[in-house]
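Notes to accompany the following structure.
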Amino acid sequence: MSESNSRYVAQSLISVHGLRALAVVQERIAESRQQGDASAMARWQNVEAEINELRRNASGSGVRA
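Going by numbering that gives the first Met the number 0, 9 is the number at position 10 of the sequence shown; the sequence numbering is gapless.
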């Protein structure tokens with residue numbers, strides 16, 4: 000998954016799930032790990048990193064993500 004695609008997925012999850020978006024991604028990571036799907040796990044970890052980055056940037060600008 001490209002960085003821009005990871006960011007798009009992260010933004011979509013935040014839009015749909017709000018503050019719970021990170022928990023949703025962590026559930027997907029756990030599911031991928033349990034299924035032994037390293038590729039999917041890596042993709043979800045990239046989305047997790049993007050959510051964290053978006054939140055970091057938003058907290059500095061006074062916007063909630």
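By construction, the Cβ of each residue, glycine as well, lies at the ideal position given by its N, Cα and C atoms.
- It is roughly 20 Å from the alpha-carbon of S58 to the alpha-carbon of V24.
- DSSP assignment within the stretch 1-41 yields the following whole alpha helix (DSSP H) runs of 4 residues or more, N-terminal first: 2-16, 20-34.
- Under the criterion of beta carbons closer than 8 Å, A9 and E49 qualify as touching, at roughly 4 Å.
- By the beta-carbon neighbour count (other beta carbons within 10 angstroms, threshold 16), S1 is exposed.
- Distance from the Cα of E26 is smallest, within the candidate group E47, G17, E52, for E47.
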